Amino acid sequence: MAHLITSMNLGRSSVTAGERRFGSRLQSLLEDDAMCWYDVPVGNRRRYPDFVVFSPTKGLLLLEVKDWKIHQLRSIDKSSVEVAFDDGLKTLTNPLEQARQCTMELVNQLQKDTELCKTEGRYHGKLLFPYGWGVVFPFITRKQLDDALSLEDQEQILPPHQVICSDEMTETMDAEVFRERLWGMFQYCFEQSLAPTQIDRVRWHLFPEVRINAIQGELFENEPLPDLIAVLDLQQEQLARNLGPGHRVIHGVAGSGKTLILGYRVAQLSEVLTKPILVICFNVSLASRLRQMIRERGLSEKVVVHHFHEWCGLQLRAHNLTPPAGDLPIWERQVQGVIDGVEQGFIPPGQYGAVIIDEGHDFQAAWLELAVRMVDPASGFFLLLYDDAQSIYQRSKQLGFSLSSVGIKAAGRTTILRINYRNTREILKFAYDFARESLGVQSADEDHIPLIEPRSAGIAGPVPQFRRMDDFNAELDHCIARIRQWIDQKVPLQEIAVIYLDYPQGGLISRRLVQEELDHLWMINRERKKQYDLTAPRITVLTVPSSKGLEFQCVIVMGVGSLPQQSEELSHQIRLLYVAMTRAKRELVITASADHPVVERFSRLVEACHAVNLP
Numbered sequence: 008m009a010h011l012i013t014s015m016n017l018g019r020s021s022v023t024a025g026e027r028r029f030g031s032r033l034q035s036l037l038e039d040d041a042m043c044w045y046d047v048p049v050g051n052r053r054r055y056p057d058f059v060v061f062s063p064t065k066g067l068l069l070l071e072v073k074d075w076k077i078h079q080l081r082s083i084d085k086s087s088v089e090v091a092f093d094d095g096l097k098t099l100t101n102p103l104e105q106a107r108q109c110t111m112e113l114v115n116q117l118q119k120d121t122e123l124c125k126t127e128g129r130y131h132g133k134l135l136f137p138y139g140w141g142v143v144f145p146f147i148t149r150k151q152l153d154d155a156l157s158l159e160d161q162e163q164i165l166p167p168h169q170v171i172c173s174d175e176m177t178e179t180m181d182a183e184v185f186r187e188r189l190w191g192m193f194q195y196c197f198e199q200s201l202a203p204t205q206i207d208r209v210r211w212h213l214f215p216e217v218r219i220n221a222i223q224g225e226l227f228e229n230e231p232l233p234d235l236i237a238v239l240d241l242q243q244e245q246l247a248r249n250l251g252p253g254h255r256v257i258h259g260v261a262g263s264g265k266t267l268i269l270g271y272r273v274a275q276l277s278e279v280l281t282k283p284i285l286v287i288c289f290n291v292s293l294a295s296r297l298r299q300m301i302r303e304r305g306l307s308e309k310v311v312v313h314h315f316h317e318w319c320g321l322q323l324r325a326h327n328l329t330p331p332a333g334d335l336p337i338w339e340r341q342v343q344g345v346i347d348g349v350e351q352g353f354i355p356p357g358q359y360g361a362v363i364i365d366e367g368h369d370f371q372a373a374w375l376e377l378a379v380r381m382v383d384p385a386s387g388f389f390l391l392l393y394d395d396a397q398s399i400y401q402r403s404k405q406l407g408f409s410l411s412s413v414g415i416k417a418a419g420r421t422t423i424l425r426i427n428y429r430n431t432r433e434i435l436k437f438a439y440d441f442a443r444e445s446l447g448v449q450s451a452d453e454d455h456i457p458l459i460e461p462r463s464a465g466i467a468g469p470v471p472q473f474r475r476m477d478d479f480n481a482e483l484d485h486c487i488a489r490i491r492q493w494i495d496q497k498v499p500l501q502e503i504a505v506i507y508l509d510y511p512q513g514g515l516i517s518r519r520l521v522q523e524e525l526d527h528l529w530m531i532n533r534e535r536k537k538q539y540d541l542t543a544p545r546i547t548v549l550t551v552p553s554s555k556g557l558e559f560q561c562v563i564v565m566g567v568g569s570l571p572q573q574s575e576e577l578s579h580q581i582r583l584l585y586v587a588m589t590r591a592k593r594e595l596v597i598t599a600s601a602d603h604p605v606v607e608r609f610s611r612l613v614e615a616c617h618a619v620n621l622p
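Counting in our numbering, the sequence shown runs from 8 upward without gaps.
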């Protein structure tokens, strides 16, 4: 069964009966490696073919589907066709010519990528794989077409091998016969299957919106091709394309691509909404990262990004309100002030066409309820991204309330992402084995958030290292030595992070980096966190809470022995360390210089890791 990446119910326009029928045949009759997209823009020109079919073993095919009846066809030539509709006679582009033009534009674009072209021989510079185009007539039989056009006319206007008729796509059609008819639209057979990296490159060209870390202004330009292509995987793309209207919840393990899906969703909604889109999260540094991502995609005029308490303060100022008096911290009183303002009619609900919450596990029930009320009922787009394993601001393992109780209506529209793409399998296994008991994997119904075990995408790397030192100065010496080593290995400074667990440690780390003349950003306060730029060449020094939602190639977690000794805090501390460790994409180093139960746990785990050959 083929992968139908785009739902037939969520196309740009109303799906026709013929399109639905043909899409069903593609999905049920094609090989398992075939991928099909319905009604999505392709290439730099953003044309909309009805179907794009891509097989790593067969090639690329673009198809137009027309629900015409034979009596509607009044005249046809190679470039145009006259069709009789209920509202009159219309002259349209010949659908086969329409598909050909779109295909050749894509081929010209793909052939600029040397990784997808032959490098020698007669076909030097030509694509490695076949390509073709065709037209589908779900309500015209082959006999009707033969009776209407002579064989000579068909060869000139609608060559038989490039046309599929209604009797060639029946529900009882033999799969092999259907495949032969479809793949027969190619001029030649494939010599070899495309490698996974080549498949990603093809998707990178076909669908600019699935590119990772691409700048929106560059999506449709002929910018230099990067050496390393990064795109959403098929599960992520399928999820992102098919979210649809209404309330949605995505529960994804750490590193499963939740923020990438957020970026795709924002770009998607910005094309159809007139009201602004609100993206909110809990911590300041993540808000800075999200804001930068939105800015790079050229969407800042349509999308606003804030951490939750910042947004509350802005709402009060915008509506000339003051937070209620009391002994609570100002940020808590600001939240209550916004809630009261909405209840009393001073702050209008429905201000945004869509509300998207990242790291929603950090939100309290009242905050979520407030966020839901900010969605315009006319659009109703609400997305909650969540991973309860990373809930470090609340001591309990679970949310503590149902989603429906705060107005989130996502029954039947909840998705779980289990695969971790960020960490190497060694880092993920190390972090999860360390925290397994405290994470406490649990199932839940759609109205509650489960705790789930992450699965590795299979990327291999070095085994995490744990070092026990005599004192914190020794930890600092080891930290500097590792940073120097990574710099010698050409690791960019912005891909190095030092995570600490006790506030005084941050000052010691920062001062040592100054002495070593190593440029860095110490996220000591809110203003520094707002300055976070993931492209700026400097080391990042930060606490575990500030690291949430961020990722780095190399991470050092320092001072783990300085955690409080209270036994009732141990489970929470372990979850903190799980979050810290899963920030590392490739290399993880942990240091300690004091006795603590977690230190002994690390020691035992390191012995096990070195004794076992990780799969």
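Yeah, the Cβ is synthetic: ideal placement off N, Cα and C, and Gly gets one too. Just so you know, these numbers come straight off a predicted model, no measurement behind them.
key: Backbone secondary structure at asparagine 115 - three-state DSSP   = Secondary structure of asparagine 115 (DSSP, three-state): helix.
Cutting at 6 Å between CB atoms, please list the residues of its own chain near cysteine 109, excluding the five before and the five after it.
Excluding positions up to five away in sequence, the list reads Arg54, Pro56, Leu69.
DSSP three-state call for isoleucine 563: helix, strand or coil? Secondary structure at isoleucine 563: strand, using DSSP grouped into helix, strand and coil.
Where does leucine 321 fall in DSSP's three states? DSSP places leucine 321 in helix when its eight states are reduced to three.
Q.
Given this structure, state the Cα-to-Cα distance separating proline 302 from isoleucine 363, to the nearest angstrom.
A. A quick correction: the sequence has arginine, not proline, at residue 302. As the crow flies, the alpha-carbon of arginine 302 is around 16 Å from that of isoleucine 363.
Q. Can you tell me whether alanine 587 is buried or exposed, with buried defined as 16 or more other CB within 10 angstroms of its CB?
A. Classified as buried, alanine 587 has 16 or more neighbouring CB atoms from the shown chains inside 10 Å of its CB.
- For the stretch 156-208, which segments carrying the beta strand (DSSP E) assignment without a break, of at least 3 residues, lie completely within its bounds, in sequence order? For the stretch 156-208, whole beta strand (DSSP E) runs of length 3 or above, ordered along the chain, are 170-172.
Quick check on asparagine 327: buried or exposed, where buried means 16 or more other Cβ atoms within 10 Å of its Cβ?
Flag for asparagine 327 reads exposed.
Q. Who are the near neighbours of leucine 11 in its chain, counting only those whose CB is closer than 6 Å to its CB and skipping five residues on each side?
A. Spatial neighbours of leucine 11 in its own chain (CB-CB distance under 6 Å, excluding positions within 5 residues in sequence) are listed in chain order as Gln34, Cys43.
Please report the distance separating the alpha-carbon of glycine 253 from that of leucine 269. Approximately 15 Å, taken between the alpha carbons.
Checklist entry - Between arginine 298 and valine 22, what straight-line distance do the alpha-carbon atoms span, to the nearest angstrom? => result When rounded, the separation of the alpha-carbon atoms in arginine 298 and valine 22 is 36 Å.
- Item | Buried or exposed by the 16-neighbour rule on C-beta atoms within 10 Å, applied to glutamate 127 | Exposed is the call here.
Worksheet item: Got a sec? Which residues, its chain only, sit under 7 Å from alanine 481 by beta carbon, not counting five neighbours each side?
Response: So the qualifying residues of the chain are Ser600.
Does DSSP classify lysine 404 as helix, strand or coil? With a pLDDT of 45 at lysine 404, under the threshold of 50, the predicted position of this residue should be treated as unreliable, though the coordinate-derived value follows. Three-state result, lysine 404: coil.
| Which runs of the beta strand (DSSP E), 3 residues or longer, sit entirely within the stretch 293-347? | As far as the stretch 293-347 is concerned, its whole beta strand (DSSP E) runs of at least 3 residues are 310-314.
| said: Which of the three DSSP states is assigned to glutamine 472 in this structure? | reply: The answer is strand: DSSP assigns glutamine 472 an E or B state.
- Message: Going by DSSP, what residue range makes up the beta strand (DSSP E) through isoleucine 257?
- Response: Counting along the chain, the beta strand (DSSP E) containing isoleucine 257 begins and ends at 254-259.
Methionine 111, buried or exposed, once every other Cβ within 10 Å from all chains shown has been counted against 16:
Flag for methionine 111 reads exposed.
- Following the continuous alpha helix (DSSP H) through alanine 361, name the residue where it begins and the one where it ends. The continuous stretches of alpha helix (DSSP H) do not include alanine 361, which lies in the beta strand (DSSP E) extending over residues 361-364.
Measure how close the beta-carbons of isoleucine 147 and lysine 76 come, nearest whole angstrom, since I'm counting them as under 8 Å.
Contact between isoleucine 147 and lysine 76 holds, with the beta-carbon distance rounding to 7 Å and staying under 8 Å.
Quiz item: With respect to the alpha helix (DSSP H) encompassing alanine 481, which residues constitute its N-terminal and C-terminal limits?
Solution: Annotation for alanine 481: the continuous alpha helix (DSSP H) segment containing it runs 479-495.
Nearest candidate by alpha-carbon position, reference leucine 520, set Pro552, Asp484, Tyr539:
With distances taken between CA atoms, leucine 520 lies nearest to Asp484 out of Pro552, Asp484, Tyr539.
Item to complete: Look at the Cβ atom of phenylalanine 388, then the Cβ atom of leucine 276, and state whether they are nearer than 7 Å.
Response: With respect to leucine 276, phenylalanine 388 sits close: the two C-beta atoms are nearer than 7 Å.
Quick check: what's the CA-CA separation for serine 610 versus leucine 239? One C-alpha to the other measures close to 37 Å.
(Q) Checking the sheet assignment: what are the DSSP bridge partners for lysine 97? (A) Partner(s): Val90.
C-alpha gap between proline 215 and glycine 344, whole angstroms: Taking C-alpha positions only, proline 215 is separated from glycine 344 by approximately 42 Å.
- Item | Pairwise C-alpha distance: alanine 106 and glutamate 71 | So the alpha carbons of these two residues sit roughly 6 Å apart.
Buried or exposed: which applies to tyrosine 510, given that a residue is buried once 16 or more other Cβ atoms fall within 10 Å of its Cβ?
Here tyrosine 510 is exposed. Its C-beta has fewer than 16 other C-beta atoms within 10 Å.
*asked:* Looking at the secondary structure, which residues open and close the alpha helix (DSSP H) in which histidine 78 lies?
replied: Where histidine 78 is concerned, there is no enclosing alpha helix (DSSP H), given that its DSSP letter is neither H nor E.
Open item on the list: For a test of the three-state rule: what should DSSP assign to isoleucine 597, helix, strand or coil?
Closed with: In the structure shown, isoleucine 597 sits in a strand (DSSP, three-state: E or B).
Check whether histidine 168 and glycine 191 have beta carbons under 7 Å apart: It is a contact, given that the beta carbons lie within the stated cut-off.
**Report entry** Alpha-carbon spacing of glycine 30 relative to valine 551, whole angstroms
**Finding:** Distance between the alpha carbons of glycine 30 and valine 551: 47 Å.
Less than 6 Å between C-beta atoms, sequence neighbours within five positions excluded: which residues of the same chain meet that for alanine 24? Closer than 6 Å at the Cβ level, and outside the excluded window around alanine 24, lies no residue.
* Asked: So what's serine 610 in DSSP terms, helix, strand or just coil?
  -> The answer is helix: DSSP assigns serine 610 an H, G or I state.
(Q) Could you check if tyrosine 585 belongs to the surroundings of the ligand COA, using beta carbon to heavy atom distance under 6 Å? (A) Only the bare structure without any ligand can be found here, which leaves the ligand COA out of the picture.
**Prompt:** With a CB to CB cut of under 8 Å and the five nearest residues on each side skipped, what residues in its chain are close to lysine 85?
**Reply:** These residues qualify, in order along the chain: Asn101, Glu104, Gln163, Ile164.
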